[in-house]
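For reference, the structure discussed in these notes is given below.
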Amino acid sequence: MKEFASLTDNEMEALADTGGLPAEVADHMIENVVGGYTYPLGIAMNFRINGKDYLVPFALEEPSVVAAASNAAKMARVNGGFTVTNTGPIMIGQIQVINVLKPDTVRAKLLARKGDLLKKANEQDPMLVSLGGGAKDLIVKKLSTLKGPMVIVELIVNTGDAMGANAVNTMAEALTPMVEEITGGRVLLRIISNLADRRLVKATAVFDKETIGGEDVVDGIVYAYAFADADPYRCATHNKGIMNGVVAVGIACGQDIRALEAGAHSYASRSGRYKPLTTWEKNRDGDLVGTLEMPMAVGLVGGAAKTHPTARANIKILGVKTAIELAEVMGAVGLAQNFAALRALASEGIQRGHMKLHSRNVAISAGATGAIVDIVAKKMIEEKKIRFDRAKELVAELSKGKKP
Ligand code: NAD
């Protein structure tokens, strides 16, 4: 690899550094491991969720996200913080049946054997069942597809404190012989669905109009929401802002963030049109009411949440005791992040705050090191010129100045 990519010794050293993750653990987590990759870890402050205070760990590379979340949470505290509810840790496992001659008859036959199918599924995970989880229901749907009619069996599984993909996939695979025998068809795919629309969190907060800058700001945010609701180009960025927080907490706590992203965006499109995951409206007092509703498939057992020491420490900082509680915190974070972005966009614009915090990154990319980073950043903020070309000039001047 070193030869192939002409890597220097310094670059090799940077790659080999696995940070808080012991190299042998990393080696067991994925394949072909050559080292580690570290994100900055920041703590978002001021979060009060369902009457409890939290310190929320964020792992991400983007400046201003932690500051924005902390600021939004501070404003939400004025009216008691965030209220979050959830629909329980319910995931869906899909079994695809092809070569089905009479889909309606097959559907009826499968439903008649529901009890046997659920029993077989639950035999795969006595641990989960003993904790009150397991396969709870079974749905059969007919699809008309490019390759003709298909029957899809959906297992509805309570995955407890697990994200549940392995648990659900194991159950779905175990049902293959029984489903083939009942249907006379052929079972092909057996896999969890990331459109986790039975595992939703709903977060709400009421932002006091004076605290957030007056009724103009309230109106501005409602207009911003209306724009996202009407236009997928805007809506993609609206939802991206929500995911800034959700994904950062997800990484910090060892979650499968691909699953979170897939769930979020497929849920946003469930009406056939891509829509915002939040709604914003003005109440009778003129205050701003925000609501977020999205799937949140997270777990505290299994995956990196258990194996990554930093993830374990972060879960301890967060102090969540169940997967549901983690999901609720992440829902509140998503709402806070969206509020912060919309408030900035609907008032002074996003760049003022963002670029100030970004100025140090610009200085570093222009070659600044040590104390010079902050000097260059400060100068660019003063000059209102947070640009790579200006940073380069400043670095050159300061480095020259330093020379005897
Ligand atoms: P897992 O199999 O490691 O852990 C789940 C198991 O832990 C359960 O089956 C149960 O037997 C046991 N358990 C112990 N205590 C429990 C408790 N309190 N609550 C629930 N279960 C408990 O992990 P998982 O959560 O089934 O799978 C998650 C992993 O699957 C993630 O790493 C994810 O990246 C990966 N994955 C995701 C997808 C996808 O999203 N499409 C597909 C395949 C794999």
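Heads up, the sequence shown is in our numbering, so the first residue is 121 and it goes up one at a time.
We put the beta carbon where it would ideally sit given N, CA and C, even for glycine.
Note that the coordinates shown come from a computational prediction; the quantities given were computed from them, not determined experimentally.
query = Does the beta carbon of Gly253 fall short of 7 Å from some heavy atom of the ligand NAD?
reply = By 1-based counting over the sequence shown, the position of residue 253 is 133. Indeed, a heavy atom of the ligand NAD lies less than 7 Å from the Cβ.
query = Per DSSP, what kind of secondary structure is Val418 in: helix, strand or coil?
reply = Indexing the sequence shown from 1 puts residue 418 at position 298. Val418 carries a coil assignment under DSSP once its states are collapsed to helix, strand and coil.
query = Per DSSP, Pro177 is paired with what?
reply = Walking along the sequence shown from the start, residue 177 turns up at place 57. Paired residues: Ile163.
request  = With a threshold of 16 other CB atoms inside 10 Å of the CB of Gln429, please say whether the residue is buried or exposed.
outcome  = For the purposes of this step, residue 429 is taken as the residue at position 309 of the sequence shown. The residue you asked about is not Gln; residue 429 is Pro in the sequence shown. The residue is exposed, with fewer than 16 neighbouring Cβ atoms inside 10 Å.
inquiry  = I'd like the span of the beta strand (DSSP E) that includes Phe327, first residue to last.
reply    = As a first step, residue 327 must be located in the sequence shown, where it is residue number 207. Under the DSSP assignment, Phe327 falls in the beta strand (DSSP E) whose first and last residues are Leu320 to Phe327.
query = CA-CA distance, Ala188 and Ala368?
reply = Position 68 of the sequence shown, counting from 1, holds the residue named residue 188. Position 248 of the sequence shown, counting from 1, holds the residue named residue 368. Rounded to the nearest angstrom, the two C-alpha atoms are 13 Å apart.
query = How would you call Ser184, buried or exposed, if buried means at least 16 neighbouring beta carbons within 10 angstroms?
reply = Indexing the sequence shown from 1 puts residue 184 at position 64. Under this definition Ser184 is a buried residue.
inquiry  = Contact defined as beta carbons within less than 8 Å: I believe Leu397 pairs with Ile362. What is the distance between those atoms, to the nearest angstrom?
reply    = One-based indexing of the sequence shown puts residue 397 at position 277. One-based indexing of the sequence shown puts residue 362 at position 242. Contact holds; Cβ gap of about 5 Å.
query = Short check: CB of Arg319 to CB of Ile169, under 8 Å?
reply = For this step, residue 319 is matched to residue 199 along the sequence shown. For this step, residue 169 is matched to residue 49 along the sequence shown. No; because the gap between Cβ atoms is not below 8 Å, this pair is not in contact.
ask   = Can Val288 and Val277 be called in contact, C-beta distance under 8 Å?
value = If you number the sequence shown from 1, residue 288 lands on position 168. If you number the sequence shown from 1, residue 277 lands on position 157. Contact: yes.
key: Separation of Asn458 from Ala466, as counted between CA atoms   = Within the sequence shown, the letter at position 346 stands for residue 466. Within the sequence shown, the letter at position 338 stands for residue 458. Their backbone Cα atoms lie some 12 Å apart in a straight line.
query = Between the C-alpha atoms of Ala517 and Val186, what's the straight-line distance to the nearest angstrom?
reply = For the purposes of this step, residue 517 is taken as the residue at position 397 of the sequence shown. For the purposes of this step, residue 186 is taken as the residue at position 66 of the sequence shown. Reading off the sequence shown, one finds Glu at residue 517, where the question assumed Ala. Computed Cα separation, rounded: 32 Å.
ask   = Just reading off the alpha helix (DSSP H) that Leu221 is part of, what are its end residues?
value = The residue labelled residue 221 in the question sits at position 101 within the sequence shown. No alpha helix (DSSP H) contains Leu221, which DSSP labels as neither H nor E.
inquiry  = Here's a check: name, in chain order, each residue in its chain whose Cβ is nearer than 8 Å to the Cβ of Thr442, leaving out the five neighbours to either side.
reply    = Here residue 442 refers to the residue found at position 322 when the sequence shown is read from its first residue. Excluding sequence positions up to five before and after Thr442, its CB lies within less than 8 Å of the CB of Asp281 and Leu420, all in the same chain and listed in chain order.
query = Is it the case that the Cβ atoms of Thr303 and Leu230 are separated by a distance below 8 Å?
reply = Taking the first residue of the sequence shown as 1, we reach residue 303 at position 183. Taking the first residue of the sequence shown as 1, we reach residue 230 at position 110. Yes. Within cutoff.
ask   = Do the CB positions of Leu455 and Phe202 come within less than 8 Å of each other?
value = By 1-based counting over the sequence shown, the position of residue 455 is 335. By 1-based counting over the sequence shown, the position of residue 202 is 82. It is a contact, given that the beta carbons lie within the stated cut-off.
key: Distance between beta carbons of Asp317 and Arg390, contact taken as under 8 Å   = In the sequence shown, counting from the first residue as 1, residue 390 sits at position 270. In the sequence shown, counting from the first residue as 1, residue 317 sits at position 197. With 8 Å as the limit, Arg390 and Asp317 qualify as a contact, their Cβ atoms being about 7 Å apart.
message = Using 8 Å as the threshold, is the C-beta distance between Val326 and Asn403 below it?
response = Translated into positions along the sequence shown, residue 326 becomes position 206. Translated into positions along the sequence shown, residue 403 becomes position 283. Contact: yes.
message = Given 7 Å as the limit, tell me if Gly419 has its C-beta closer than that to any heavy atom belonging to the ligand NAD.
response = Stepping through the sequence shown from its first residue, residue 419 is reached at position 299. Checking the Cβ of Gly419 against the ligand NAD gives yes.
query = Does any heavy atom of the ligand NAD sit closer than 7 Å to the C-beta of Asp245?
reply = Translated into positions along the sequence shown, residue 245 becomes position 125. Yes.
ask   = Whose CA, out of Phe508, Ser479 and Asp509, lies closest to the CA of Ile495?
value = Looking up residue 495 in the sequence shown gives position 375. It is Ser479 whose Cα lies nearest to the Cα of Ile495.
request  = Kindly give me the distance between the Cβ atoms of Ala164 and Ser190, rounded to whole angstroms, as I take these residues to be in contact under 8 Å.
outcome  = Taking the sequence shown and counting its residues from 1, one reaches residue 164 at position 44. Taking the sequence shown and counting its residues from 1, one reaches residue 190 at position 70. Confirmed, Cβ separation roughly 5 Å.
request  = Take the Cβ of Lys504 as the centre, count every other Cβ of all protein chains shown within 10 Å, and call the residue buried at 16 or more, exposed below.
outcome  = The residue labelled residue 504 in the question sits at position 384 within the sequence shown. Exposed: under 16 other Cβ atoms inside 10 Å.
ask   = Is Met283 buried or exposed, if buried means 16 or more other CB atoms sit within 10 Å of its CB?
value = Along the sequence shown, read from residue 1 onward, the residue named residue 283 stands at position 163. Met283 should be labelled buried.
query = What is the rounded straight-line gap between the Cα of Glu445 and the Cα of Ala143?
reply = As a first step, residue 445 must be located in the sequence shown, where it is residue number 325. As a first step, residue 143 must be located in the sequence shown, where it is residue number 23. Distance between the alpha carbons of Glu445 and Ala143 is about 31 Å.
First and last residue of the uninterrupted beta strand (DSSP E) at Thr203 = Counted from its first residue, the sequence shown places residue 203 at position 83. For Thr203, the enclosing beta strand (DSSP E) has its first and last residue at Thr203 to Asn206.
ask   = So Met414 and Ala382 are in contact, right, with Cβ under 8 Å, and what is the actual spacing, rounded?
value = The residue given as residue 414 occupies position 294 in the sequence shown. The residue given as residue 382 occupies position 262 in the sequence shown. Their Cβ separation, rounded to whole angstroms, is 12 Å, which puts Met414 and Ala382 out of contact at 8 Å.
message = Less than 7 Å separating the Cβ of Thr279 from some heavy atom of the ligand NAD?
response = For the purposes of this step, residue 279 is taken as residue 159 along the sequence shown, with counting starting at 1. Yes, Cβ of Thr279 sits closer than 7 Å to a heavy atom of the ligand NAD.
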